[in-house]
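Peer 1: Just so it is clear: in the sequence shown, position 86 is 86 by the numbering used here, and no numbers are missing.
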Amino acid sequence: MKKIVILFSGEGSNMQALIQKLHNKELKVVKTITNNPNANGIDRSYRLGVDVEIVDHTKYKSREDFDRELVRIISDLDVDLVVLAGFMRILTPIFTKNLKAINIHPSLLPKFKGANALERAFRSDDDIVGVTTHFVSDELDGGKIIMQKSFDKSGMSFSEYEQNIHLLEHEIYYKSILKVFAYEKKIKV
Ligand code: GRF
Numbered sequence: 001m002k003k004i005v006i007l008f009s010g011e012g013s014n015m016q017a018l019i020q021k022l023h024n025k026e027l028k029v030v031k032t033i034t035n036n037p038n039a040n041g042i043d044r045s046y047r048l049g050v051d052v053e054i055v056d057h058t059k060y061k062s063r064e065d066f067d068r069e070l071v072r073i074i075s076d077l078d079v080d081l082v083v084l085a086g087f088m089r090i091l092t093p094i095f096t097k098n099l100k101a102i103n104i105h106p107s108l109l110p111k112f113k114g115a116n117a118l119e120r121a122f123r124s125d126d127d128i129v130g131v132t133t134h135f136v137s138d139e140l141d142g143g144k145i146i147m148q149k150s151f152d153k154s155g156m157s158f159s160e161y162e163q164n165i166h167l168l169e170h171e172i173y174y175k176s177i178l179k180v181f182a183y184e185k186k187i188k189v
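(1) When you compare only the Cα positions, how much space is there between residue 57 and residue 42?
(2) Tell me whether the beta-carbon of residue 71 lies closer than 8 angstroms to the beta-carbon of residue 95.
(3) So residue 77 is in the alpha helix (DSSP H); what residue range does that whole segment cover?
(4) Between residue 110 and residue 131, is the Cβ-Cβ spacing less than 8 angstroms?
(5) In three-state DSSP terms, what is residue 13?
(6) Could you pull out every residue in the same chain whose Cβ sits closer than 8 angstroms to the Cβ of residue 128, ignoring the five residues on either side in sequence?
(7) Is residue 1 buried or exposed, if buried means 16 or more other CB atoms sit within 10 Å of its CB?
(8) Beta carbon of residue 123, beta carbon of residue 112: below 8 angstroms?
(9) For residue 135, which beta-bridge partners are listed by DSSP?
(10) Residue 25 and residue 3: beta carbons closer than 8 angstroms?
(11) Ligand 1 and residue 151: does any heavy atom of the ligand fall closer than 7 angstroms to the residue's C-beta?
(12) Between the Cα of residue 102 and those of 45, 181, 116, spot the shortest distance and give me the residue it belongs to.
(13) Can we count residue 143 as close to ligand 1, meaning its CB is less than 7 angstroms from some heavy atom?
(14) Leaving aside the five residues before and after residue 17 along the sequence, list all residues of the same chain whose C-beta is less than 6 angstroms from its C-beta, in chain order.
(15) Could you tell me if the beta carbon of residue 105 falls within a distance shorter than 7 angstroms of some heavy atom in ligand 1?
(16) Quick one, which of 48, 49, 53, 74 has its alpha-carbon nearest residue 38's?
(17) Considering only the beta carbon of each residue, do residue 6 and residue 83 sit closer than 8 angstroms?
(18) Buried or exposed, going by whether 16 or more other CB atoms sit within 10 Å of the CB of residue 9?
(19) If you draw a straight line from the alpha carbon of residue 167 to that of residue 76, how long is it in whole angstroms?
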């Protein structure tokens, strides 16, 4: 069975959806990791039966030191894929060059890369908005796209729009992971 680790920083609703859809079915979520000791997701993960490791980034001198520690912990887990689900840290090449990771972003990349994408996309003139899953590369939100899903936000309030974004995120993230694994299998055969 394939193994993944999920990294999150806050609510962890994507992490929860992934565990509920995939854990002990298509794959095993060996652990979740958060950089935020106060993240609401910590409780969610425990309640879903998955161990959480807290790696508080404020305890490290530099981004590089923090990333080195993540790489060390994750390498020991021997997972097939690292899944970033609302992990709000900018990653250095120490992370991106040593781990195969994917991410989810609340916009139709390459539009609205970086922080506050959800709010920026809402305030924009674009009617068609959506979510993207992609491989993690050296460039922030710039790696190869795995899946996208869009909708027309015209006439929606911010909370309707936000709810829709999260629904779509929960719908495409687990499918994206299955897609990555299915693709790898085809290559190996
Ligand atoms: C999601 O909108 C995700 O796209 C972004 O951060 C948010 C995390 O939400 N990267 P949650 O913690 O999964 O609820």
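Just so it is clear, CB atoms sit at the ideal spot from N, CA and C, and this is done for glycine as well.
Peer 2: Taking the structure as given:
(1) 16 angstroms
(2) yes
(3) 63 to 77
(4) no
(5) helix
(6) 108, 150, 151, 152, 153
(7) exposed
(8) no
(9) 102
(10) no
(11) no
(12) 181
(13) no
(14) 170
(15) yes
(16) 53
(17) yes
(18) buried
(19) 33 angstroms
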